[in-house]
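Numbering (this note's numbering), first residue to last: 1064 to 1297. Using N, Cα and C, we set each Cβ at its ideal position, and we do this for glycine too.
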């Protein structure tokens, strides 16, 4: 938003510099009074932009304050969720966007998911991290899988993640290359790409839909999605 503001100012300044030439070269061009009005509008707009920047800084401070205040409640919620078997896989399966990314084997692997945590960095605008905690499972050695999203000072996005240490023959991201019979290949073609390819996909960190869905939609209130199946059965 700040970069857009500065770009807007420079464009306005360039236009204002060209106005006098337009006045002298075009019949019925902008009159002096109108030109002065435009210059004053630009001055007022600069003040509006300054207040917008100030508001952004103050909003950031408020968000940082309440992020800290929420942490004990997130911790308490995680402790309570740990008492409910298959809470997170149920939550993901019930979420329309996440479920679209899950194949059958992904769901099996996610039955070992015991905890999810989202951590926004101190400077919230600079990024966040999502941690997935797993019990011992037949798919990979990792106890924790993480993916981080960063914005550098120029606003360019990037991401990095844990390398998944797959157990022999269990790499779900390579299942499409496994030799199967014709019927199995057809069924496999209909399944989505593995959920776990998300950990290796860093092609467009600025438009990572799954990361944004988990951070902004699921993490604030996962219970609403866990209870979807219960509501359907009522």
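If you compare the alpha carbons of 1147, 1228, 1181 and 1101 with that of residue 1283, the shortest gap goes to 1181. For residue 1119, the secondary structure class from DSSP, reduced to helix, strand or coil, is helix. Within the stretch 1253-1280, the complete alpha helix (DSSP H) segments at least 4 residues long are 1272-1276, listed from N- to C-terminus.
By the C-beta density criterion, residue 1190 is buried, having at least 16 other C-beta atoms within 10 angstroms.
Between the beta-carbon of residue 1289 and that of residue 1154 there is about 5 Å, and that keeps the pair under the 8 Å contact cut. Taking C-beta atoms under 8 Å as the contact rule, residue 1227 and residue 1197 fail to qualify, at a distance of about 10 Å.
Taking every protein chain shown into account, the CB of residue 1285 has 16 or more other CB atoms within 10 angstroms, so this residue is buried.
The closest CA to that of residue 1206, considering only 1094, 1158, 1143 and 1173, is found on 1173.
Between residue 1217 and residue 1265, the C-beta gap is not smaller than 9 Å, which leaves the two residues out of contact. If the five residues before and after residue 1101 are omitted, its C-beta is found closer than 6 Å to no C-beta atom of its own chain. Within the same chain, and ignoring the five residues on either side of residue 1275 in sequence, no residue has its Cβ closer than 7 Å to its Cβ. Listed as beta-bridge partners of residue 1182 by DSSP are 1192. Taking residue 1124 as reference, the option from 1184, 1142 and 1145 with the minimal CA-CA separation is 1184. Where residue 1159 is concerned, the enclosing alpha helix (DSSP H) starts and stops at 1159-1162.
Assignment of residue 1236 by DSSP, reduced to helix, strand and coil, places it in the helix class. Linking residue 1148 to residue 1204 through their CA atoms gives a straight-line distance of about 21 Å. Under the three-state reduction of DSSP output, residue 1222 falls in the strand class. Look at residue 1217 here: in three-state DSSP terms it is coil, with no helix or strand label. Residue 1235 is positioned such that its CB atom lies closer than 9 Å to that of residue 1166.
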